[in-house]
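Below you'll find the structure, written out as structure tokens, and then a few comments.
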Amino acid sequence: MNTHIIHVDRASSTQDVARGMTPHKLGTVVAADVQERGRGRRGHVWLSPRGGLYASIILRNDPLLSLRVGVAVVRALKHAGIVARLKWPNDVLVSEKKIAGILIEATGETAIVGIGVNISSTPLPEATCAAAETGVPITRDALLQLILREIAVNNDEDVIEVYRALCSTLGRRVRVGITEGRQVIGIALGIDRDGHLLVDDGKTTHTITAGDCVHLPAAV
Ligand code: BTN
Numbered sequence: 038m039n040t041h042i043i044h045v046d047r048a049s050s051t052q053d054v055a056r057g058m059t060p061h062k063l064g065t066v067v068a069a070d071v072q073e074r075g076r077g078r079r080g081h082v083w084l085s086p087r088g089g090l091y092a093s094i095i096l097r098n099d100p101l102l103s104l105r106v107g108v109a110v111v112r113a114l115k116h117a118g119i120v121a122r123l124k125w126p127n128d129v130l131v132s133e134k135k136i137a138g139i140l141i142e143a144t145g146e147t148a149i150v151g152i153g154v155n156i157s158s159t160p161l162p163e164a165t166c167a168a169a170e171t172g173v174p175i176t177r178d179a180l181l182q183l184i185l186r187e188i189a190v191n192n193d194e195d196v197i198e199v200y201r202a203l204c205s206t207l208g209r210r211v212r213v214g215i216t217e218g219r220q221v222i223g224i225a226l227g228i229d230r231d232g233h234l235l236v237d238d239g240k241t242t243h244t245i246t247a248g249d250c251v252h253l254p255a256a257v
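Under our numbering, the first residue of the sequence shown is numbered 38, with each subsequent residue one higher.
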């Protein structure tokens, strides 16, 4: 994949800058120093002060893209000396603290893949950042290059196999909010070939296609 990076000082959201580009040239990357209205999955806000990595990449959509990008971010962090794992579907955590998030907005064959990584500071107390996790500082641009390289190389792999190995949700007791007011609590048994989470609540195994997953303490 040939990439072309466009840096802007400030954006409302890099997702919107990338979406506004015509044509949607695959491999175009929009990176901002600051986002004024950064957004996360499921309507959350993504706080985006100076010092973080905020980038949106135009890629070909595919059903496993979200898992694929999660794997790429974990591997890129590993190259930077940070051991991270994935909370289903694609929250990137270090010791259960969020270091990076991924937002995929797809229209037809094209996806705008938004990646936010806390690098020099932690916008929320329950999160972490690269500077806190490694003695070897990594710059935003170097980390972006590592992520782009990993996205390019993991395209041909059996992404589900790799994803399972990096996913800390498996085997955990979880609560998954599926829709407003509807949640499943149980043990995360597996990830199926479509990337869906299988949760056993003691009576049924639920196949969860999308939702907010929380890791719970083991039941006593
Ligand atoms: C999440 O974990 O909720 C996903 C966070 C995604 C944040 C990134 S930062 C770059 C891109 N622009 C946005 O507004 N959001 C994504």
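Beta carbons are placed, not taken as given, at the ideal position from N, Cα and C, and that holds for glycine. Bear in mind the structure is a predicted one, so any value in this text is a computation, not a measurement.
Can you tell me which of the three DSSP states residue i falls into?
{"i": "aspartate 99", "result": "coil"}
{"i": "lysine 240", "result": "coil"}
{"i": "glutamate 142", "result": "strand"}
{"i": "glycine 172", "result": "coil"}
{"i": "histidine 116", "result": "helix"}
{"i": "arginine 47", "result": "strand"}
{"i": "glycine 153", "result": "strand"}
{"i": "arginine 122", "result": "strand"}
{"i": "aspartate 231", "result": "coil"}
{"i": "alanine 247", "result": "coil"}
{"i": "alanine 148", "result": "strand"}
{"i": "alanine 137", "result": "strand"}
Can you check whether the CB of residue j is closer than 8 Å to the CB of residue i?
{"i": "leucine 101", "j": "valine 196", "result": "yes"}
{"i": "glutamate 73", "j": "arginine 47", "result": "yes"}
{"i": "arginine 209", "j": "alanine 189", "result": "no"}
{"i": "tryptophan 125", "j": "leucine 234", "result": "yes"}
{"i": "glycine 118", "j": "threonine 171", "result": "yes"}
{"i": "valine 111", "j": "leucine 203", "result": "yes"}
{"i": "isoleucine 152", "j": "leucine 84", "result": "no"}
{"i": "threonine 165", "j": "lysine 134", "result": "yes"}
{"i": "glutamine 52", "j": "glutamate 198", "result": "no"}
{"i": "isoleucine 156", "j": "alanine 167", "result": "yes"}
{"i": "isoleucine 215", "j": "glycine 239", "result": "no"}
{"i": "glutamate 194", "j": "alanine 113", "result": "no"}
{"i": "valine 154", "j": "leucine 180", "result": "yes"}
{"i": "glutamate 163", "j": "asparagine 98", "result": "no"}
{"i": "threonine 242", "j": "aspartate 229", "result": "no"}
{"i": "proline 258", "j": "serine 158", "result": "With the chain covering 38 to 257 only, the question about residue 258 has no answer from this structure."}
Taking 7 Å as the cut-off, is the CB of residue i close to at least one heavy atom of the ligand BTN?
{"i": "histidine 81", "result": "yes"}
{"i": "isoleucine 139", "result": "yes"}
{"i": "aspartate 128", "result": "yes"}
{"i": "alanine 247", "result": "no"}
{"i": "threonine 40", "result": "no"}
{"i": "threonine 59", "result": "no"}
{"i": "glycine 214", "result": "no"}
{"i": "glycine 153", "result": "yes"}
{"i": "glycine 77", "result": "yes"}
{"i": "alanine 92", "result": "yes"}
{"i": "threonine 241", "result": "no"}
{"i": "serine 50", "result": "yes"}
{"i": "glutamine 72", "result": "yes"}
{"i": "serine 85", "result": "yes"}
Kindly give me the distance between the Cβ atoms of residue i and residue j, rounded to whole angstroms, as I take these residues to be in contact under 8 Å.
{"i": "valine 150", "j": "leucine 96", "result": "5 Å"}
{"i": "arginine 212", "j": "valine 251", "result": "5 Å"}
{"i": "glycine 107", "j": "isoleucine 139", "result": "6 Å"}
{"i": "serine 93", "j": "asparagine 127", "result": "The Cβ separation is near 15 Å, so there is no contact."}
{"i": "valine 67", "j": "threonine 40", "result": "That pair is no contact at about 11 Å."}
{"i": "arginine 122", "j": "serine 205", "result": "4 Å"}
{"i": "serine 50", "j": "glycine 77", "result": "Rounded, the Cβ-Cβ distance is 10 Å, inconsistent with contact."}
Which runs of the alpha helix (DSSP H) fall wholly inside the segment 60 to 92 and span at least 4 residues, in chain order?
none
Restricting to runs no shorter than 3 residues, where is the beta strand (DSSP E) found entirely within the segment 162 to 226?
210 to 216
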